[in-house]
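The next block holds one structure in the form of structure tokens; read it before the comments.
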Amino acid sequence: MRDQSFLQWPFLEDRHRSIASGLELWAENNLAGDNHHLDVDKACRELVAKLGEDGWLKYTAPGEDSGSIDVRTLALIRETLARHSGLADFVFAMQGLGAGPISLFGDREQKARWLPRTRAGKTISAFALSEPGSGSDVANMTTSARRDGNGYVLDGEKTWISNGGIADLYVVFARTGEAPGARGLSAFVVEADNPGLAIAERIEVIAPHPLARLTFSNCRVSADALIGTSGQGFKIAMGTLDVFRTSVGGAALGFARRALAETVRRVTHRQLFGAPLAELQMIQGHIADMALEIDAAALLIYRAAWTKDMGAPRVTREAAMAKLYATEAAQRVIDTAVQIHGGDGVRSGHPVETLYREIRALRIYEGASDVQKVVIARSLLAGAAGR
Ligand code: COS
87 MRDQSFLQWP
97 FLEDRHRSIA
107 SGLELWAENN
117 LAGDNHHLDV
127 DKACRELVAK
137 LGEDGWLKYT
147 APGEDSGSID
157 VRTLALIRET
167 LARHSGLADF
177 VFAMQGLGAG
187 PISLFGDREQ
197 KARWLPRTRA
207 GKTISAFALS
217 EPGSGSDVAN
227 MTTSARRDGN
237 GYVLDGEKTW
247 ISNGGIADLY
257 VVFARTGEAP
267 GARGLSAFVV
277 EADNPGLAIA
287 ERIEVIAPHP
297 LARLTFSNCR
307 VSADALIGTS
317 GQGFKIAMGT
327 LDVFRTSVGG
337 AALGFARRAL
347 AETVRRVTHR
357 QLFGAPLAEL
367 QMIQGHIADM
377 ALEIDAAALL
387 IYRAAWTKDM
397 GAPRVTREAA
407 MAKLYATEAA
417 QRVIDTAVQI
427 HGGDGVRSGH
437 PVETLYREIR
447 ALRIYEGASD
457 VQKVVIARSL
467 LAGAAGR
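Under this note's numbering, the first residue of the sequence shown carries the number 87, and numbering increases by one thereafter.
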């Protein structure tokens with residue numbers, strides 16, 4: 087029996103509990119055996135359409151009149167989807183992250199133009215921040231957007247862009263040069279068929295999902311493609327990541343919960359030395375460690391999400407702690423699950439083998455674990471400097 091006691095924690099409300107039970111049922115009916123796709127692009131497109139049609143994507147972007155995304159809902163949905171299908175979680179998350187700068191910082195027209203379509207699963211979105219020379223060091227990006235008449239012209243390169251190749255719209259961060267470093271960046275909405283935007287390379291990874299390197303060559307966009315004000319791009323990127331990083335923790339938590347469930351099934355069914363594996367104290371020690379790490383991760387995730395939902399202006403440190411701990415802990419939990427499964431744990435297509443591949447990128451994308459440590463330490467050191 088799956089432990090659902092966390093749903094009663096005070097961070098969550100009745101509406102969250104009802105989303106969790108509704109989505110669980112939806113996932114059981116729609117995602118069974120959903121982890122092996124010969125054509126990942128097609129599978130993603132179908133999942134976006136299905137999640138949109140059935141109303142789940144509405145939680146990725148708030149209504150035009152609301153300025154905030156319910157982070158607890160994001161985390162809970164990612165946790166639930168990730169337990170069933172890494173690709174479904176990916177699709178949901180990227181639809182939110184891609185549209186995030188518009189829903190959090192866009193103007194009324196931009197929201198009205200794009201969000202109904204991303205929420206319906208009719209437009210696929212992508213967040214184009216990283217570059218070959220600046221993944222962790224965002225302020226060092228070189229893609230440029232130069233003012234030209236009544237618009238901007240973008241030149242440069244972006245890489246590791248999730249949904250790259252299947253997205254209809256890209257939110258692209260580029261240097262507009264108001265000031266050096268972080269203060270001279272801006273964010274733009276660029277449609278996939280905009281002349282000058284090209285998919286230069288599709289990138290294959292250990293847990294397949296659409297990923298690409300993009301080039302911008304004399305790529306002209308109109309002035310209304312600018313999100314927020316020019317020079318605000320770094321804060322838009324970081325503000326969006328503050329919301330979505332907690333949900334990466336949610337996905338890791340879903341993977342870890344699935345690994346624990348598979349392990350409990352394994353140790354209660356598998357006989358060793360004349361008794362179920364579960365009777366060995368060494369196995370019980372592993373199960374206890376897994377459960378403890380899962381609850382600790384969940385507490386950090388729902389603490390960060392609740393703090394943001396309660397109106398905190400910045401949750402940079404809380405989100406960094408949630409993402410860092412949940413992804414690292416999930417890696418340990420899944421590794422233990424593989425070990426306890428023995429040979430089956432590394433058999434292609436076994437659920438824990440799939441989880442072992444799925445979890446790895448979460449410790450890297452949306453700010454590697456090492457960057458999260460920098461963020462956490464800086465926030466403490468900045469506080470100490472003022473005393
Ligand atoms: N929200 C709002 N503003 C923020 C912010 C946040 N979360 N984080 C930083 N800022 C502001 C700072 O307050 C500072 O503002 P002022 O210039 O007004 O003082 C400005 O932005 C620059 O901040 P900072 O000096 O901390 O920037 P750094 O260049 O040192 O970068 C790190 C900080 C490394 C933390 C940042 O680049 C980062 O998060 N990198 C990882 C990026 C990432 O996730 N990449 C993956 C791509 S998405 S898959």
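Note that the Cβ used here is the ideal one computed from N, Cα and C, for glycine as well.
Predicted model, so just to flag it, every value in this text is computed and none were measured.
I'd like the span of the beta strand (DSSP E) that includes residue i, first residue to last.
| i | result |
| --- | --- |
| Asn-304 | 297–308 |
| Arg-288 | 283–288 |
| Ser-107 | It is not in any beta strand (DSSP E) - Ser-107 instead sits in the alpha helix (DSSP H) that spans 100–116. |
| Asp-241 | 237–248 |
| Val-224 | No beta strand (DSSP E) contains Val-224, which DSSP labels as neither H nor E. |
| Glu-452 | Where Glu-452 is concerned, there is no enclosing beta strand (DSSP E), given that its DSSP letter is neither H nor E. |
Start and end of the alpha helix (DSSP H) containing residue i?
| i | result |
| --- | --- |
| Val-258 | That residue, Val-258, is in no alpha helix (DSSP H); its beta strand (DSSP E) goes 255–261. |
| Ala-415 | 402–427 |
| Arg-232 | Arg-232 -> not in any alpha helix (DSSP H); beta strand (DSSP E) instead, spanning 230–234. |
| Ala-161 | 157–170 |
| Ala-377 | 367–395 |
| Ser-465 | 455–471 |
| Glu-444 | 437–446 |
| Gly-333 | Checking the displayed sequence, the identity of residue 333 turns out to be Ser instead of Gly. Where Ser-333 is concerned, the enclosing alpha helix (DSSP H) stretches over 319–355. |
Alpha carbon to alpha carbon, what distance is there between residue j and residue i?
| i | j | result |
| --- | --- | --- |
| Glu-414 | Ser-455 | 8 Å |
| Pro-486 | Ala-212 | Nothing can be reported for residue 486: it is not among the residues displayed for the chain, which extend from 87 to 473. |
| Val-350 | Ile-373 | 8 Å |
| Lys-208 | Gly-138 | 8 Å |
| Ala-390 | Met-396 | 10 Å |
| Val-424 | Pro-294 | 20 Å |
| Ala-361 | Asp-125 | 43 Å |
Report yes if the C-beta of residue i is less than 7 Å from at least one heavy atom of the ligand COS; otherwise report no.
| i | result |
| --- | --- |
| Phe-213 | yes |
| Gly-317 | no |
| Leu-297 | no |
| Val-126 | no |
| Thr-402 | yes |
| Met-324 | yes |
| Asp-241 | no |
| Asp-82 | The structure shown does not extend to residue 82, since the chain is modelled only from 87 through 473, so no value can be given for it. |
| Ala-278 | no |
| Tyr-451 | yes |
Among the residues of its own chain, which have a CB less than 6 Å from the CB of residue i, if the five just before and after it don't count?
| i | result |
| --- | --- |
| Ala-311 | Phe-274 and Val-275 |
| Ala-416 | Ala-338, Phe-341, Ala-342 and Ile-445 |
| Leu-215 | Phe-259 and Ala-323 |
| Lys-144 | Arg-205 |
Spatial neighbours of residue i within its chain, please: CB distance less than 7 Å, with the 5 preceding and 5 following residues excluded, ordered by chain position.
| i | result |
| --- | --- |
| Asp-140 | Trp-112 |
| Pro-148 | Ser-154, Ile-155 and Ser-189 |
In chain order, what residues of the same chain lie with their CB nearer than 8 Å to the CB of residue i, ignoring the 5 residues before and after it?
| i | result |
| --- | --- |
| Gly-453 | Ser-222, Leu-327, Arg-331, Ala-406, Lys-409 and Val-461 |
| Arg-269 | Gly-317 and Phe-320 |
| Leu-358 | Leu-366 |
| Leu-346 | Ile-373, Met-376, Ala-377, Ile-380, Val-419 and Ala-423 |
| Asn-226 | Gly-219, Ser-220 and Gly-267 |
| Asp-421 | Tyr-442 |
Original post:
Pairing CB atoms from the segment 330–340 with CB atoms from the segment 172–179, are three or more of them under 8 Å?
Top reply: Yes, they touch.
**OP:** Spell out a yes or no on whether the segment 255–263 and the segment 316–324 are touching, meaning 3 or more CB-CB pairs, one atom from each, closer than 8 Å.
**Re:** yes
**OP:** Count the C-beta pairs between the segment 274–284 and the segment 292–310 that are closer than 8 Å, then say yes if the count reaches three, no if not.
**Re:** yes
**OP:** Report yes or no: do the segment 230–246 and the segment 283–302 share at least 3 C-beta pairs separated by less than 8 Å?
**Re:** yes
Original post:
Between the segment 377–392 and the segment 96–104, are three or more C-beta pairs nearer than 8 Å?
Top reply: yes
Original post:
Counting Cβ pairs, one atom from each stretch, are 3 or more of them under 8 Å apart for the segment 101–110 and the segment 163–171?
Top reply: yes
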